[in-house]
Amino acid sequence: MKTECDLLIVGGGLTGLVAAWRARRAGLETVVVAQGPGSLPFTSGALDLLAVYPTETKRYRVRPWEAVSELIETEPNHPYGRVGLRGVRTAVEDFLSYLEASPLAYYRREEENMAIVTGAGTIKPTYAVSASMKKNRLAWSQRKPALILGFEGLADFAPEQVVSNLQDRWNGLRSARLDRTVLLDSSRRLTVAQLAADFERREFRDRFSEAVKPQLGQSKFLGLPAVLGFDRVADICRDLEEKLGVEVFEIPLLSPSLPGMRLADMLKRDLVASGADYRQGAPVEKLEAQGKEITVAHRAGKNRSEQILARHVVVATGRFFGRGLEASQHGVRETLLDLRVEAPQNRDNWHMSSFLGAPGHPINRVGVRVGRDLRPVGTDGLPLYENVFVAGAVLACHDWVREKSGAGISLATGHAAVESVLAHRRRANKKDSA
Ligand SMILES: Cc1cc2nc3c(=O)[nH]c(=O)nc-3n(C[C@H](O)[C@H](O)[C@H](O)COP(=O)(O)OP(=O)(O)OC[C@H]3O[C@@H](n4cnc5c(N)ncnc54)[C@H](O)[C@@H]3O)c2cc1C
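Heads up: the sequence shown begins at 1 in this note's numbering, then just goes up one per residue.
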């Protein structure tokens, strides 16, 4: 089977989805091939931009854009340095404006990071959250009396742990658990998915509200694990607030997590509706080149093999989690094109002697080295391919875990890679017409 397209995106994680979204808006015929769902379904769904910088000082930054500017000044090889401040701003602004207008109604504070309560009872700094977590920020910033409510039998969430970790900083914070009689079918094992399905039903929300009301006392806020339905979470939150007369918010749980899944599902649905071709399952096994141009991608399915004839390729295959990079005793390699990876030569230098040492382990910064337009470069600094661009976690010179910059890097570089594709096309068209 053969398909032709303007742009092939390899990878269906957040980076690939952002790149595809930008490409469709520019009218490019776009094919996305994803071996798996990437890390998005495992995330809190909260989008980090940059919350800790410089990382070795572990300094929490209230104003992320100031921190991004400083980082770009001092680390030009960081993905943000490659894209530049204006490019990062445009990418984040464009994509978040779309998410704000979506059914998930994302929320941010433009110039400031926010702090939200997690299912472990820690405080997570982040840049943007879905509507269901907007009041999570408000609850923590106001710290008025609040009830954190769990469900008897739901192993993924312990409200007592949240309260015991936060009560010395939050007066009037209490925990409780609802017993199983409130469930529509109390004979089943209780899971996040089952609760989410129950919350989608008005009948359940009525029963739930009747059972919760007597427990609220003086509470101004009600914090629940992130189980408030699948794609109608904003409406469900509003409905519960009306029924209960308190502010309701979701608390993100440990992986896998419903807010991350909701975001991934919505992005894929919108992409397909916009005309993108999204294929999940079999990976791209090989990219074939003519000179310095990739021309054909090969994908082997169970019963048939496919060829995708692409004019441009964006590689958004993630790091070790997404399988864009592979580590062995011989070193770290990029899995799709064997691109040049920037990593400490000697394995002894992958790690520091202190486990949680302030600068972070050098292995966390490995990845593909690219030039300003995100094309992969060789040791001479020149592009290895004319029509290949690299974006997202697979890039070198960042430590998203410590920086708290995971989603921001995906947004900035996914967007910028497509801008580079568009610039490349314009140059090629000019040449053809000259
Ligand atoms: C557990 C966890 C929690 C996180 N929590 C947060 C958070 O709360 N907030 C935040 O901002 N960031 C968070 N992050 C970071 C953030 O999710 C990632 O930095 C970001 O999503 C990376 O996206 P990516 O698309 O570059 O890579 P990935 O998400 O890894 O996606 C890579 C994609 O490439 C595909 N792929 C690889 N090779 C091939 C191939 N040959 N053919 C086809 N497809 C291929 C994979 O199947 C996958 O679809 C978290 C990450 C993890 C792992």
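Note that beta-carbon positions come from the ideal geometry of N, C-alpha and C, so glycine has one too.
Please read all numbers here as calculations on a predicted model, not as lab measurements.
| task | State the DSSP-derived secondary structure class of G87, mapped to helix, strand or coil. | result | It is helical.
| Beta-carbon proximity list for V182, same chain, < 7 Å, skipping 5 on both sides | Short of 7 Å from the beta carbon of V182, and not among the five residues preceding or following it, lie these beta carbons of its own chain, in chain order: R207, F208, A211.
| field | Local conformation of C237 per DSSP, three classes | value | It is helical.
| Where T15 falls, given that 16 or more other Cβ within 10 Å makes a residue buried | buried
| query | Taking the Cβ atom as the reference point for each residue, do L47 and A131 lie within a distance shorter than 7 Å? | reply | no
| request: Select from D380, A412, A34, L147 the residue whose C-alpha is nearest the C-alpha of L222. | output: L147
| request: Name the residue from P259, V377, S353 whose alpha carbon lies nearest to the alpha carbon of V233. | output: P259
| Is P376 near ligand 1, in the sense that its beta carbon is under 6 Å from a heavy atom of that ligand? | no
| Considering only residues of the stretch 308-342, which uninterrupted beta strand (DSSP E) runs meet the minimum length of 3 residues and lie entirely inside it, listed in chain order? | 325-328, 331-334
| said: Pull the bridge partners of K2 from the DSSP assignment, please. | reply: Q307
| Is V227 helix, strand or coil by DSSP? | coil
| task | Provide the residue(s) that pair with F249 in DSSP beta bridges, ordered along the chain. | result | G223
| request: Provide the residue span of the beta strand (DSSP E) that contains A176, from first to last. | output: Element bounds for A176: 173-178.
| Closest residue to L382 among A358, G12, S410, L339 (Cα-Cα distance) | L339
| message | Between which two residues does the beta strand (DSSP E) holding Q34 run? | response | The sequence shown places Ala at residue 34, not Gln. Per DSSP, A34 belongs to the beta strand (DSSP E) from 30-34.
| request: Report yes if the CB atom of V314 is closer than 7 Å to the CB atom of L325, and no otherwise. | output: no
| said: Need the endpoints of the beta strand (DSSP E) that Q215 sits in, please. | reply: Careful: Q215 lies outside any beta strand (DSSP E) and carries neither H nor E.
| task | Alpha carbon to alpha carbon, how far is N387 from E293? Give it in angstroms, no decimals. | result | In this structure, the CA atom of E293 is about 6 Å from the CA atom of N387.
| Enclosing beta strand (DSSP E) for L149 [first to last residue] | 146-151
| field | Bridge partner(s) assigned by DSSP for R299 | value | V284, E306
| query | Residues in its own chain within less than 6 Å of P376 by CB, not counting five upstream and five downstream? | reply | Beyond the five residues adjoining it in sequence on each side, P376 comes within less than 6 Å, by CB distance, of L339, V368, V370, L384, V390 in the same chain, given in chain order.
| query | Are F151 and G119 closer than 7 Å when you measure CB to CB? | reply | no
| To the nearest angstrom, how far is it from the Cα of R311 to the Cα of R279? | 18 Å
| message | Do F199 and L228 have their beta-carbon atoms positioned less than 7 Å apart in this structure? | response | Yes; because the gap between Cβ atoms is below 7 Å, this pair is in contact.
| Complete beta strand (DSSP E) runs within the stretch 344-392 (minimum length 3 residues, chain order) | Correct list: 388-390.
| said: Would A300 and V83 qualify as a contact pair, given that the criterion is a beta-carbon distance under 7 Å? | reply: no
| Does any heavy atom of ligand 1 sit closer than 6 Å to the C-beta of D156? | no
| query | Thinking just about the alpha-carbon of each residue, which of V248, A176, R269 is nearest to the one in Q215? | reply | A176
| said: According to DSSP, is L8 part of a helix, a strand, or is it coil? | reply: strand
| For E403, which of helix, strand or coil comes out of DSSP? | helix
| task | Please check the pair N422 and A26, which I expect to be a contact at CB under 8 Å, by giving their CB distance rounded to whole angstroms. | result | Per the sequence shown, the amino acid found at residue 422 is Leu instead of Asn. Correct: roughly 6 Å between the Cβ atoms.
| said: Whether or not the stretch 50-60 and the stretch 269-277 are in contact is what I'm after, with contact meaning three or more pairs of Cβ atoms, one per stretch, closer than 8 Å; do they touch? | reply: Too few Cβ pairs lie closer than 8 Å, so no.
| task | Below 8 Å on the Cβ atoms is my guess for E306 versus T3; work out the distance and round it to an integer in Å. | result | 7 Å
| field | Distance, K404 Cα to K286 Cα | value | 33 Å
| task | Kindly list the residues whose CB is nearer than 8 Å to the CB of E419, restricted to its own chain and excluding five residues on each side of it in sequence; keep chain order. | result | R22, G87
| said: Rounded to the nearest angstrom, what separates A343 and P362 at their Cα positions? | reply: Here the C-alpha atom of A343 lies approximately 8 Å from the C-alpha atom of P362.
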